[in-house]
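Residue numbers (our numbering): 5 to 325.
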């Protein structure tokens, strides 16, 4: 892949000028915040049209258990994003020691509430409160028609068959970022480092499909799923034209694990001291990759944008529009 010139990077990033540091960088910085803003602006228009057609505003119900500071920030950001998009964002709070039965009862109530289109339970659920939660049972209890996180086994099965009802938010955000940045993975080798049900597995499946939400260019890849037990992990990563790191270990992917000219997508967000870092050693990777996402400001903003997208899709599905 040929690296764009500094002038091209200037145009793509929408910046008035490049600092000397940026001008010397090899990799194009993929601005997730900018792409997310574009998606949310388009979505606000779609929501306005939906409501103008006589439907109530789509409604997203977030369930927050406990007082984890990071979770509270995430839920607050989702609520603000809902408001800007014209979506009714509701937050239901339970104490950390509410227990499995109370949480399951709340989900059952939201399932039957015809005013609620989407339900999400903020993860991780609390630990150390003397109460244990069965996360899988809780997520399975959400009505698949309201499962805007796409965690339900029903929605996962539909994705596997290439006929998704909802796409998982973080993988879908990555697809949108690649598509809107005109970066193709068709026919290329993609390595997804991480095998979680939330990111790694669905990401691999989406890129291996014949087509997707951004067409066949952001699909049709030859995909490898790697993880902490993969033998010769560095060699496997270095063979990839596109490397997606979602393993949850600070700066585990170093510059010498990246193929020159590869696209690098960093899903991780880890606090190290007073800094937020990804799963990729950014300062090393930017001198090897052709394009890379920063942390923060890369994949994170896209996750919320695609959650709002799924909420509108759920409202349309439930209204028959």
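Cβ atoms here follow ideal geometry from the backbone N, Cα and C, with glycine treated the same way. None of these values were measured; they are calculated from a predicted model.
With a threshold of 9 Å between beta carbons, is residue i in contact with chain D?
i: residue 138; result: Of the protein chains in this structure there is only one, and it is not chain D.
Suppose contacts are defined by Cβ-Cβ distances below 9 Å. Is residue i in contact with residue j by that definition?
i: residue 43; j: residue 290; result: no
i: residue 298; j: residue 270; result: yes
i: residue 263; j: residue 227; result: no
i: residue 204; j: residue 178; result: no
i: residue 127; j: residue 309; result: no
i: residue 268; j: residue 257; result: yes
i: residue 274; j: residue 171; result: no
i: residue 183; j: residue 133; result: no
i: residue 325; j: residue 59; result: yes
i: residue 149; j: residue 125; result: no
i: residue 67; j: residue 95; result: yes
i: residue 114; j: residue 98; result: no
i: residue 251; j: residue 277; result: no
i: residue 197; j: residue 231; result: yes
i: residue 138; j: residue 123; result: no
i: residue 294; j: residue 30; result: yes
i: residue 79; j: residue 185; result: no
i: residue 135; j: residue 103; result: yes
Check residue i in the structure and name its three-state DSSP category.
i: residue 311; result: helix
i: residue 105; result: helix
i: residue 65; result: strand
i: residue 121; result: coil
i: residue 279; result: strand
i: residue 176; result: helix
i: residue 218; result: coil
i: residue 77; result: helix
i: residue 244; result: coil
i: residue 268; result: strand
i: residue 140; result: helix
i: residue 183; result: helix
i: residue 131; result: coil
i: residue 53; result: helix
i: residue 199; result: coil
i: residue 147; result: coil
i: residue 305; result: helix
i: residue 98; result: strand
i: residue 152; result: coil
i: residue 28; result: Here the model assigns residue 28 a pLDDT of 49, short of 50, so the residue's position is not dependable and the matter cannot be decided.
i: residue 158; result: helix
Around the Cβ of residue i, are there at least 16 other Cβ atoms within 10 angstroms (buried) or fewer (exposed)?
i: residue 224; result: buried
i: residue 238; result: exposed
i: residue 151; result: buried
i: residue 35; result: buried
i: residue 311; result: buried
i: residue 45; result: exposed
i: residue 318; result: buried
i: residue 307; result: buried
i: residue 101; result: exposed
i: residue 235; result: exposed
i: residue 153; result: buried
i: residue 206; result: buried
i: residue 168; result: buried
Comparing C-alpha positions only, which one of the options sits nearest to residue i?
i: residue 282; options: 146, 234, 255; result: 255
i: residue 91; options: 316, 322, 323, 321; result: 316
i: residue 112; options: 94, 144, 182; result: 144
i: residue 215; options: 231, 200, 188, 201; result: 188
i: residue 70; options: 300, 129, 231, 86; result: 129
i: residue 320; options: 45, 50, 38; result: 50
i: residue 302; options: 181, 72, 79, 164; result: 181
i: residue 81; options: 322, 323, 305, 318; result: 305
i: residue 37; options: 323, 322, 318, 300; result: 300
i: residue 105; options: 142, 196, 285, 294; result: 142
i: residue 86; options: 234, 235, 253, 41; result: 41
i: residue 161; options: 323, 201, 185; result: 201
Is the region 113 to 120 close to the region 61 to 73, with three or more CB pairs under 8 Å? A contact exists between the region 113 to 120 and the region 61 to 73.
Given 8 Å, three or more beta-carbon pairs between the region 245 to 254 and the region 181 to 200: Short answer: they touch.
Give a yes or no on contact between the region 87 to 101 and the region 47 to 55, applying the rule of three or more CB pairs nearer than 8 Å. The region 87 to 101 vs the region 47 to 55: in contact.
Contact between the region 166 to 180 and the region 202 to 218 is defined here as three or more beta-carbon pairs at a separation below 8 Å; is this criterion met? With a cut-off of 8 Å, the region 202 to 218 and the region 166 to 180 count as touching, because enough Cβ pairs lie within range.
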